[in-house]
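Numbering (our numbering), first residue to last: 22 to 602.
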């Protein structure tokens, strides 16, 4: 993503209807990617098949939500292809009290009049919340029985994306993702599969206050950010006896640039750049092995990275990092139903261009170019139980974060850098996770999950007293009951709940949030061989609740000492009709 305010997280550039599967490796146990400090998430998109097939989807929902998408795939000889197209838009949702985006702003500015400039202008109060069109195309060429070349391109085009509790909205948010992979199987006795991978991504993300009252007095302020990444990987997989070994090397170069404009004219030179043409270049090598010894299954891995960060701004440091990570995980099968596991691992990440160099519109340094990389040392342990009727997984975890990177809203000088707001501080996180399901009979089963964690800084940040770690959500619980009256119908009722969020980093802007619970209902029905309909209601009882907190690492609407909280959607009904051929 390009936005330093996280308006466009990576998953926002991947459309849900294009997703085949998601691989989640919890903890620092994936050495195949740099930065997998707490987990790695790999999203696999749909792949072309040799047979001509596809689907068309029409989605409708509350608050004028509309989506039309199609997926086509087929093949000819040694070639397979796929094409996905979609377009969607939505109005402003209403929270459980019936307030849309503009009305939520009204509620906040009524008690915080100094923030009235952040409200929408009268002529823009009823804008749609976004419009988005996407295209994904893939071509696979089976060069031989043992070689396949895969090429894909994805384009996302979003316009007028509203963010009511931030000072700006996205004028547009465009991304282009190119990916290629050459897979060679059974190359030799030392290579079961050799993979050569190259990718290139671009994101263009200008945001401005042109819809806000503040543009009447301050002019149209635009913060225009772009980012590009080029990267590649060479990876070899082989089996030697009981060992499944994967070894590889990867490279990436990310450029990140941000500029300020007023009425389409650049700010003065000293205040022009928010992030000044920052290059983050990394080279890494890794190896992992999985093998079985009796009832024990071992996973071990290691990784080394050299990362350098450069910027043309005179006087800013250009740090380099040499990083090591490793892990070992042991699985032990006590019997056919019960398995124990325990592991220890370390992962790391380097500070990004925002944390190192970011400057606000006044030219004040927010970043801290003396930051160290973060190193996570983690211990996981638990068990998995599976029988014909029940599945249960329990995991406890402990993380020690060496040199965690945290935002300090108090300090004016950190590590000798005036106005720097980011600081390294050791911290720890610990918690438990429970997931399970129980089959009552052939037509009825229940499932549930619970997550609880706590986080604490080793010491308060400079000039502060709070040791609570920010962005540590409270206890969450989800439970669902699923009823399958026949082979064509699935009904689900799901409860999502959260405890009160009262362990907060109050020194850095977090607020206490009340606990909440919502009920969601869903039905899926297959009609013949080609049609499928899905309908549901989220938040059936129209609860007014808040999920996202206000950590000051984000730039949010603030009037006085309290930041604007964004309320979640109220009761939302939807229906999706799918035609498969």
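Each residue gets a CB set at the ideal place from its N, CA and C atoms; glycine is no exception.
Note that the structure is predicted; figures quoted are calculated from it, not measured.
Rank the options by C-alpha distance to the C-alpha of residue i and give the top, closest one.
i	options	result
residue 323	49, 43, 28, 37	49
residue 317	509, 549, 349	349
residue 15	164, 441, 423, 509	Outside the shown range of the chain (22 to 602) lies residue 15, about which nothing can therefore be said.
residue 454	418, 294, 106, 539	418
residue 346	319, 307, 329, 364	307
residue 104	86, 546, 75	75
residue 394	405, 385, 373	373
residue 150	590, 601, 203	590
residue 180	148, 174, 198	148
residue 244	516, 25, 564, 541	25
residue 518	525, 499, 503, 355	499
residue 185	115, 301, 174	115
residue 146	113, 178, 154	113
residue 446	472, 494, 391	391
residue 64	355, 45, 130, 550	45
residue 583	94, 130, 384	130
residue 475	483, 492, 460	492
residue 524	136, 570, 301, 510	570
residue 142	510, 71, 237	237
residue 196	176, 287, 154	176
In whole angstroms, what separates the C-alpha of residue i from that of residue j?
i	j	result
residue 12	residue 567	As displayed, the chain neither begins before 22 nor continues past 602, which places residue 12 out of reach and without an answer.
residue 481	residue 488	5 Å
residue 255	residue 403	34 Å
residue 436	residue 443	Unreliable placement is indicated for residue 436, whose pLDDT of 49 sits below 50; no coordinate value is reported for it.
residue 413	residue 514	20 Å
residue 250	residue 27	17 Å
residue 408	residue 490	39 Å
residue 451	residue 368	16 Å
residue 398	residue 47	13 Å
residue 465	residue 561	22 Å
residue 485	residue 431	7 Å
residue 396	residue 376	16 Å
residue 585	residue 187	8 Å
residue 479	residue 425	10 Å
residue 211	residue 320	20 Å
residue 427	residue 124	33 Å
residue 34	residue 23	11 Å
residue 311	residue 265	5 Å
residue 358	residue 458	14 Å
residue 652	residue 588	Since the first and last residues shown for the chain are 22 and 602, residue 652 lies out of range.
residue 94	residue 157	12 Å
residue 354	residue 559	40 Å
residue 259	residue 267	7 Å
residue 379	residue 303	21 Å
If you follow the beta strand (DSSP E) that residue i is in, where does it begin and where does it stop?
i	result
residue 44	40-47
residue 154	151-165
residue 237	Residue 237 -> not in any beta strand (DSSP E); alpha helix (DSSP H) instead, spanning 235-239.
residue 282	264-283
residue 193	190-209
residue 221	212-229
residue 30	Per DSSP, residue 30 belongs to no beta strand (DSSP E) and is neither H nor E.
residue 468	465-478
residue 95	86-97
residue 36	That residue, residue 36, is in no beta strand (DSSP E); it is neither H nor E in DSSP.
residue 411	411-428
residue 313	294-314
residue 62	60-66
residue 496	Counting along the chain, residue 496 falls outside any beta strand (DSSP E), and DSSP gives it neither H nor E.
Going by the beta-carbon positions, is the gap between residue i and residue j smaller than 8 Å?
i	j	result
residue 194	residue 183	no
residue 544	residue 512	yes
residue 468	residue 501	yes
residue 401	residue 416	yes
residue 228	residue 192	yes
residue 269	residue 257	yes
residue 248	residue 275	yes
residue 167	residue 207	yes
residue 102	residue 159	yes
residue 88	residue 109	yes
residue 272	residue 253	yes
residue 503	residue 572	no
residue 214	residue 223	no
residue 410	residue 82	no
What residue does the alpha helix (DSSP H) around residue i start on, and which one ends it?
i	result
residue 320	Not the alpha helix (DSSP H): residue 320 falls in the beta strand (DSSP E), residues 317-331.
residue 129	122-132
Just checking residue i against the ligand GDP - is the residue's beta carbon closer than 7 Å to any of the ligand's heavy atoms?
i	result
residue 341	In the structure on display, the ligand GDP does not appear, and there are no ligands present to speak of.
Next item on the list: Write down every uninterrupted run of the beta strand (DSSP E) in the stretch 515-545 whose length is 3 residues or greater and which is fully enclosed by it, in chain order.
Entry: none
Margin query: Runs of 3 residues minimum, wholly inside the stretch 351-382: which ones carry the beta strand (DSSP E) assignment?
Written below: 359-370
Note to self: In chain order, what are the residue ranges of uninterrupted beta strand (DSSP E) at least 3 long that sit wholly in the stretch 547-590?
What the structure shows: 552-559
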